[in-house]
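Asker: Please read through the structure below; I'll follow up with questions.
There are 2 protein chains.
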Amino acid sequence: MTTLAKKIESIAKKAHLTAPTAAKLATETKNQILEGIAAALLTRQDEIIKANQKDIRAATKNKMTTAMIDRLILDAKRIQAMAHELREVKTLPDPVGEIVKRWTRPNGLEVSRVRIPLGVIGIIYESRPNVTIDAACLCLKSGNVVVLRGGSEAIHSNIFLVKLIRDVLKSQGIDQDIVQILPMTDRKAMGCLVKQSAFIDLMIPRGGESLMKWMEEHSRIPVVKHDKGVCHVYVDESAQVTMAEKIAYNAKVQRPGVCNAMETLLVHEKIAPVFLPSMIQKYKEAGVEVRGDEKARKIGPSIKKATKKDWATEYLDLIVSIRVVSSVDEAIRHIQKYGSTHTESIVTENPKNAEEFLNRLDSSVVLWNASTRFNDGGQLGLGAEIGISTTKLHAFGPMGLEELTTTKFVVKGRGQIRE
Amino acid sequence: MTTLAKKIESIAKKAHLTAPTAAKLATETKNQILEGIAAALLTRQDEIIKANQKDIRAATKNKMTTAMIDRLILDAKRIQAMAHELREVKTLPDPVGEIVKRWTRPNGLEVSRVRIPLGVIGIIYESRPNVTIDAACLCLKSGNVVVLRGGSEAIHSNIFLVKLIRDVLKSQGIDQDIVQILPMTDRKAMGCLVKQSAFIDLMIPRGGESLMKWMEEHSRIPVVKHDKGVCHVYVDESAQVTMAEKIAYNAKVQRPGVCNAMETLLVHEKIAPVFLPSMIQKYKEAGVEVRGDEKARKIGPSIKKATKKDWATEYLDLIVSIRVVSSVDEAIRHIQKYGSTHTESIVTENPKNAEEFLNRLDSSVVLWNASTRFNDGGQLGLGAEIGISTTKLHAFGPMGLEELTTTKFVVKGRGQIRE
Numbered sequence: 001m002t003t004l005a006k007k008i009e010s011i012a013k014k015a016h017l018t019a020p021t022a023a024k025l026a027t028e029t030k031n032q033i034l035e036g037i038a039a040a041l042l043t044r045q046d047e048i049i050k051a052n053q054k055d056i057r058a059a060t061k062n063k064m065t066t067a068m069i070d071r072l073i074l075d076a077k078r079i080q081a082m083a084h085e086l087r088e089v090k091t092l093p094d095p096v097g098e099i100v101k102r103w104t105r106p107n108g109l110e111v112s113r114v115r116i117p118l119g120v121i122g123i124i125y126e127s128r129p130n131v132t133i134d135a136a137c138l139c140l141k142s143g144n145v146v147v148l149r150g151g152s153e154a155i156h157s158n159i160f161l162v163k164l165i166r167d168v169l170k171s172q173g174i175d176q177d178i179v180q181i182l183p184m185t186d187r188k189a190m191g192c193l194v195k196q197s198a199f200i201d202l203m204i205p206r207g208g209e210s211l212m213k214w215m216e217e218h219s220r221i222p223v224v225k226h227d228k229g230v231c232h233v234y235v236d237e238s239a240q241v242t243m244a245e246k247i248a249y250n251a252k253v254q255r256p257g258v259c260n261a262m263e264t265l266l267v268h269e270k271i272a273p274v275f276l277p278s279m280i281q282k283y284k285e286a287g288v289e290v291r292g293d294e295k296a297r298k299i300g301p302s303i304k305k306a307t308k309k310d311w312a313t314e315y316l317d318l319i320v321s322i323r324v325v326s327s328v329d330e331a332i333r334h335i336q337k338y339g340s341t342h343t344e345s346i347v348t349e350n351p352k353n354a355e356e357f358l359n360r361l362d363s364s365v366v367l368w369n370a371s372t373r374f375n376d377g378g379q380l381g382l383g384a385e386i387g388i389s390t391t392k393l394h395a396f397g398p399m400g401l402e403e404l405t406t407t408k409f410v411v412k413g414r415g416q417i418r419e
Numbered sequence: 420m421t422t423l424a425k426k427i428e429s430i431a432k433k434a435h436l437t438a439p440t441a442a443k444l445a446t447e448t449k450n451q452i453l454e455g456i457a458a459a460l461l462t463r464q465d466e467i468i469k470a471n472q473k474d475i476r477a478a479t480k481n482k483m484t485t486a487m488i489d490r491l492i493l494d495a496k497r498i499q500a501m502a503h504e505l506r507e508v509k510t511l512p513d514p515v516g517e518i519v520k521r522w523t524r525p526n527g528l529e530v531s532r533v534r535i536p537l538g539v540i541g542i543i544y545e546s547r548p549n550v551t552i553d554a555a556c557l558c559l560k561s562g563n564v565v566v567l568r569g570g571s572e573a574i575h576s577n578i579f580l581v582k583l584i585r586d587v588l589k590s591q592g593i594d595q596d597i598v599q600i601l602p603m604t605d606r607k608a609m610g611c612l613v614k615q616s617a618f619i620d621l622m623i624p625r626g627g628e629s630l631m632k633w634m635e636e637h638s639r640i641p642v643v644k645h646d647k648g649v650c651h652v653y654v655d656e657s658a659q660v661t662m663a664e665k666i667a668y669n670a671k672v673q674r675p676g677v678c679n680a681m682e683t684l685l686v687h688e689k690i691a692p693v694f695l696p697s698m699i700q701k702y703k704e705a706g707v708e709v710r711g712d713e714k715a716r717k718i719g720p721s722i723k724k725a726t727k728k729d730w731a732t733e734y735l736d737l738i739v740s741i742r743v744v745s746s747v748d749e750a751i752r753h754i755q756k757y758g759s760t761h762t763e764s765i766v767t768e769n770p771k772n773a774e775e776f777l778n779r780l781d782s783s784v785v786l787w788n789a790s791t792r793f794n795d796g797g798q799l800g801l802g803a804e805i806g807i808s809t810t811k812l813h814a815f816g817p818m819g820l821e822e823l824t825t826t827k828f829v830v831k832g833r834g835q836i837r838e
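Line order of the protein sequences matches chains D and B. In case it helps, this note's numbering puts the first sequence at residues 1 to 419. In case it helps, this note's numbering puts the second sequence at residues 420 to 838.
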């Protein structure tokens, strides 16, 4: 074994050995830790900003784009937001120990399904250093141990934030190895990490398509992907035009760089002549590049031609592709063919068409008369989220605290044996 | 791409394209299919036995053991049992479409979590051909498409049983590709199958440790393992001796070749002198080879010495290892160190010790005063099972129909957008 492999194995093993401790922490203790971290974020703000400056200087030197550097920055306002988020998680119910279901068998066995933590979770993420705090604290509250691997561009910030968490754990007499971070960020180290199936129960990668492909290829640990969203809004024949405009605008423009932003707008041919001209106009005013199929271009002749590739592309940018369809069935088939089962919305006043859309499409979130941007743990009421799973296994869609747990069967008898 | 790879890809792709059809089959239709298969099993019994004879002849020629040949045999009684099982699954509630939870957000969005099928499930199994019917029908009832890969020793039986299922599907006008089987059983074909992550959502391997290792190494598709069980019974200081004897006997002897049979018996030192002598006697009468640590051997001097390797071994045979411990804490630590988080039982009249055991051990099933043999979907009331998952992700413990589904979020609004 190489020195690197040994080092990573030792981190994973320490995490594994701490898992029973993390699993059995009382709710009160976990909340005190979260409060301690929130307080430390505020009192140690200057140190955080100082560590963050090292990343910013390196980013500037490496000529990163302004947008990318912006994602890296930690300032007073963002640190306050992190502390605020922590205090929100503190108020959420503890999922561990919840009795999900309970029943009695004919032979008198009392069976219940009880929520338990998953064990050790490895999280791979990029850029934004606030994920370090978010992810660590969601794992902590759900009784899990976490091994973090942030991006190289945020390494100084991340290492400092983990040190801050570990200082709080130490001051409260809790095993610090509940939260660890890989000090190296290269793929070689990641390659060692994803082989630790004896010690790590779940890997959550958050990032782009190449990271997902890499994980699929290399991980020997179960993976719940946070993959791309090729999300759709379908404006049905009977849609309210103003509502459709509002939703199609919000889904594309409000925050184009995220996975639940809409990429393709499908429009019923009967409403297209009324709906599209002003919609295209509004997009253009917002700086959105509009592409379309032949039928759409007949209505909005100034728009570019959409190719087959467009239908399957997650732009994460101010670009939209428009296709005119002749029925809700054609819209559903388009989404089944090109979509990524992330988020799809129908705008319609026709309940039958709505039900067909909601029923036939098995994307993680399907909406009727609402923006795709609501595919989010906070927005849907899960309280917080570690991300949006695109893997159907275990958790599909936004993952909150509950989704970071599993259940065991607890059986109470009076000497029953199997005949 | 090789011819084999193309062939397997085509099977997986056909399965994927059929998934929306399978997902939307009405409960009534699915039950009619199950009834049709049950009836066909009985009317085509002679053909089944004829196909099965080919496997039996090959097995005899290959000098397989009598026990292994016995697992392969399909006779009138076993075929009737398969038909009976199918009719049991028919009576179970359809999990698809179930609204698991429903709530309203402050902005008026109505959110619900609705059960949907996973999509396409690949199942790898060995020997017993009745698994072909079991697995196919559980996948069918839960709205999933299945690709089966049985063992080479049962290939003629399996291919015929799948043909029988597909005949029923055809006669009822349902797409036959909902159930497919790999005609080749070698690892090369399996290697192609587990690369089809674009078309298959879940792989379930049922088999020995080498299959599990192989899956971990090669699968690019999420895997829910059905791995080994190193299961424990702990007889506490305050156990009722007769109850403890009954449970420890049942857990080891009733069916030693299965994953929920006990392998290690832990006994509190204060009860050991009373409990062990007659327990060891009973095991010997049942032909069980008894091994033990130093303390156990002082009480039962005729027993063999247990090595460190014994504590971590799944015998699947009439062998038991006994260890004498000084507290419930020592028993728990032993299980945490050597166990496989499958099934553990405590026999005690002390509720505090019971709670500590049930609470601290996060195995898939933990029991108080009952045999480990109850870790079984049917016994725990899930109605039927596709196996016992040892993966914490998605489903932990026995997997019934519900565990073959996931949930999507369905959101109904009145034009809400994200601010």
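Every residue gets a Cβ at the ideal spot worked out from N, C-alpha and C, and that includes glycine. This structure is a prediction, so every number in the text was calculated from the model and none was measured.
Measuring alpha carbon to alpha carbon, tell me which residue in B:E682, B:Q835, B:M483, B:L493 is nearest L461 of chain B.
Answerer: The residue labelled residue 461 of chain B in the question sits at position 42 within the second sequence. That would be B:L493, whose Cα lies nearest to the Cα of L461 of chain B.
Asker: Closer than 7 Å, Cβ to any Cβ of chain B: which residues of the region 396–414 of chain D, in chain order?
Answerer: Taking 7 Å as the Cβ-Cβ cut-off against chain B, the residues of the region 396–414 of chain D that qualify are F396, G397, T406, T407, K408, F409, V410, V411, K412, G413, R414.
Asker: Could you run through the region 335–363 of chain D and flag, in chain order, every residue whose CB is less than 7 Å away from some CB of chain A?
Answerer: Among the chains of the structure shown, chain A does not appear; the protein chains present are D and B.
Asker: Whose Cβ in chain D lies nearer than 8 Å to the Cβ of I452 of chain B?
Answerer: On the second sequence, position 33 is the one that residue 452 of chain B refers to. By Cβ distance, chain D contributes nothing, its closest Cβ being about 20 Å from I452 of chain B, past 8 Å.
Asker: Per the contact definition of three or more C-beta pairs closer than 8 Å, is the region 1–18 of chain D in contact with the region 197–215 of chain D?
Answerer: These segments touch.
Asker: Please determine if the region 398–405 of chain D and the region 777–793 of chain B are in contact, where contact requires at least 3 C-beta pairs separated by less than 8 Å.
Answerer: The region 398–405 of chain D is not in contact with the region 777–793 of chain B.
Asker: Taking the alpha carbon of N549 of chain B as the reference point, which residue from B:A438, B:E529, B:D513, B:K496 has its own alpha carbon closest?
Answerer: Along the second sequence, read from residue 1 onward, the residue named residue 549 of chain B stands at position 130. Selected option, being the one with the closest Cα: B:K496.
Asker: Looking at the structure shown, is H394 of chain D part of a helix, part of a strand, or coil, going by DSSP?
Answerer: Locating residue 394 of chain D in the first sequence gives position 394, where the first residue counts as 1. The answer is coil: DSSP assigns H394 of chain D none of H, G, I, E or B.
Asker: Which one or two residues does DSSP pair with T407 of chain D in a beta bridge?
Answerer: If you number the first sequence from 1, residue 407 of chain D lands on position 407. Per DSSP, D:R115.
Asker: Would you please verify whether the beta carbon of D201 of chain D is less than 9 Å from any beta carbon of chain B?
Answerer: The residue given as residue 201 of chain D occupies position 201 in the first sequence. Answer yes: the Cβ-Cβ gap between D201 of chain D and chain B drops below 9 Å somewhere.
Asker: Looking at C-alpha atoms only, which residue of B:N669, B:D646, B:H645, B:I640 is the closest neighbour of V652 of chain B?
Answerer: Position 233 of the second sequence, counted from the start, is the residue given in the question as residue 652 of chain B. Comparing Cα-Cα distances from V652 of chain B to each of B:N669, B:D646, B:H645, B:I640, the minimum goes to B:N669.
Asker: Between D:I116, D:M215, D:I79, D:T264, which lies nearest to D317 of chain D when the distance is taken from Cα to Cα?
Answerer: Locating residue 317 of chain D in the first sequence gives position 317, counting from the first residue. D317 of chain D has its Cα closest to that of D:T264, out of D:I116, D:M215, D:I79, D:T264.
Asker: So, does the region 596–615 of chain B touch the region 629–643 of chain B, judging by three or more C-beta pairs under 8 Å?
Answerer: Short answer: they touch.
Asker: Could you tell me which residues DSSP pairs with K416 of chain D in its beta bridges?
Answerer: Residue numbering aside, residue 416 of chain D sits at position 416 when the first sequence is read from its first letter. Looking at the sequence shown, residue 416 of chain D is not Lys but Gln. Bridge partners of Q416 of chain D: B:A789.
Asker: Does the region 498–512 of chain B come close enough to the region 553–566 of chain B to have 3 or more Cβ pairs within less than 8 Å?
Answerer: Yes: at least three Cβ pairs fall under 8 Å.
Asker: In chain order, what residues of the same chain have a beta carbon less than 7 Å from the beta carbon of G387 of chain D, not counting five sequence neighbours either side?
Answerer: Within the first sequence, residue 387 of chain D is the residue found at index 387, counting from 1. Cβ neighbours of G387 of chain D beyond the five flanking positions: I204, R206, H226, M399.
Asker: What residues are listed by DSSP as bridge partners for T343 of chain D?
Answerer: Here residue 343 of chain D refers to the residue found at position 343 of the first sequence. DSSP output for T343 of chain D lists D:V365 as bridge partner(s).
Asker: Can you give me the C-alpha to C-alpha distance between R291 of chain D and K246 of chain D, rounded to a whole angstrom?
Answerer: Reading the first sequence from its first residue, position 291 is the one you call residue 291 of chain D. Reading the first sequence from its first residue, position 246 is the one you call residue 246 of chain D. Near 19 Å, if we compare the C-alpha coordinates of K246 of chain D and R291 of chain D.
Asker: Pairs of beta-carbons, one from the region 264–273 of chain D and one from the region 324–340 of chain D, closer than 8 Å: are there three or more?
Answerer: Yes, the region 264–273 of chain D is in contact with the region 324–340 of chain D.
Asker: Give me the Cα-Cα distance between K188 of chain D and S808 of chain B, rounded to the nearest whole angstrom.
Answerer: For the purposes of this step, residue 188 of chain D is taken as the residue at position 188 of the first sequence. For the purposes of this step, residue 808 of chain B is taken as the residue at position 389 of the second sequence. So the alpha carbons of these two residues sit roughly 31 Å apart.
Asker: Between the C-alpha atoms of T132 of chain D and G287 of chain D, what's the straight-line distance to the nearest angstrom?
Answerer: What you label residue 132 of chain D is simply residue 132 of the first sequence in a count that begins at 1. What you label residue 287 of chain D is simply residue 287 of the first sequence in a count that begins at 1. Cα to Cα, T132 of chain D sits roughly 33 Å from G287 of chain D.
Asker: Just the C-alpha distance for D489 of chain B and K811 of chain B, rounded to the nearest angstrom, thanks.
Answerer: Against the second sequence, residue 489 of chain B aligns to sequence position 70. Against the second sequence, residue 811 of chain B aligns to sequence position 392. Answer to the nearest angstrom: the Cα atoms are 33 Å apart.
Asker: Note down, in chain order, every chain D residue with its Cβ under 7 Å from the Cβ of K811 of chain B.
Answerer: Position 392 of the second sequence holds residue 811 of chain B. Neighbours of K811 of chain B on chain D, chain order: L118, G119, D201, T406.
Asker: Which one of D:N260, D:L148, D:S171, D:G173 has the shortest CA to CA distance from L161 of chain D?
Answerer: The residue labelled residue 161 of chain D in the question sits at position 161 within the first sequence. Ranking the options by Cα distance to L161 of chain D, first place goes to D:L148.
Asker: Is it true that the region 349–357 of chain D meets the region 298–316 of chain D, where meeting means three or more beta-carbon pairs spaced less than 8 Å apart?
Answerer: No, the region 349–357 of chain D is not in contact with the region 298–316 of chain D.
Asker: Is there contact here, the region 106–115 of chain D with the region 402–418 of chain D, by at least three beta-carbon pairs under 8 Å?
Answerer: The region 106–115 of chain D is in contact with the region 402–418 of chain D.
Asker: Quick check on the DSSP output: the alpha helix (DSSP H) that includes T3 of chain D runs from which residue to which?
Answerer: The sequence position of residue 3 of chain D within the first sequence is 3, counting from 1. Looking at the DSSP string, the run of the alpha helix (DSSP H) that includes T3 of chain D is 3–23.
Asker: Can you tell me where the alpha helix (DSSP H) holding L401 of chain D begins and where it ends?
Answerer: Within the first sequence, the letter at position 401 stands for residue 401 of chain D. Element bounds for L401 of chain D: n/a, residue is neither H nor E.
Asker: Classify V230 of chain D: buried if its beta carbon has 16 or more other beta carbons within 10 angstroms, exposed otherwise.
Answerer: Working through the first sequence from its first residue, we reach residue 230 of chain D at position 230. It counts as buried.
Asker: So, with DSSP's three-state summary, where would you put Y234 of chain D?
Answerer: For the purposes of this step, residue 234 of chain D is identified with residue 234 of the first sequence, where counting begins at 1. Y234 of chain D: strand per DSSP, three-state reduction.
Asker: Please classify G387 of chain D: does DSSP put it in a helix, a strand, or coil?
Answerer: Taking the first sequence and counting its residues from 1, the one referred to as residue 387 of chain D is at position 387. In the structure shown, G387 of chain D sits in a strand (DSSP, three-state: E or B).
Asker: List the whole-angstrom C-beta distance separating E839 of chain B from A725 of chain B, where the pair is believed to meet the contact cut-off of C-beta under 8 Å.
Answerer: Any answer about residue 839 of chain B is impossible in this case: the structure gives chain B only from 420 up to 838.
Asker: Spatial neighbours of T104 of chain D within its chain, please: C-beta separation below 8 Å, excluding the five flanking residues on both sides.
Answerer: If you number the first sequence from 1, residue 104 of chain D lands on position 104. The answer, listed in chain order, is E110, V111.
Asker: Rounded C-beta distance between T824 of chain B and P536 of chain B? I'm assuming under 8 Å.
Answerer: One-based indexing of the second sequence puts residue 824 of chain B at position 405. One-based indexing of the second sequence puts residue 536 of chain B at position 117. That pair is a contact at about 6 Å.
Asker: Taking all protein chains shown into account, do 16 or more other C-beta atoms lie within 10 angstroms of the C-beta of S10 of chain D, making it buried, or fewer, making it exposed?
Answerer: Residue 10 of chain D sits at position 10 when you count from the first residue of the first sequence. Burial call: exposed.
Asker: Under 9 Å between the Cβ atoms of N471 of chain B and S546 of chain B?
Answerer: Looking up residue 471 of chain B in the second sequence gives position 52. Looking up residue 546 of chain B in the second sequence gives position 127. For N471 of chain B and S546 of chain B, no; Cβs fall outside 9 Å.
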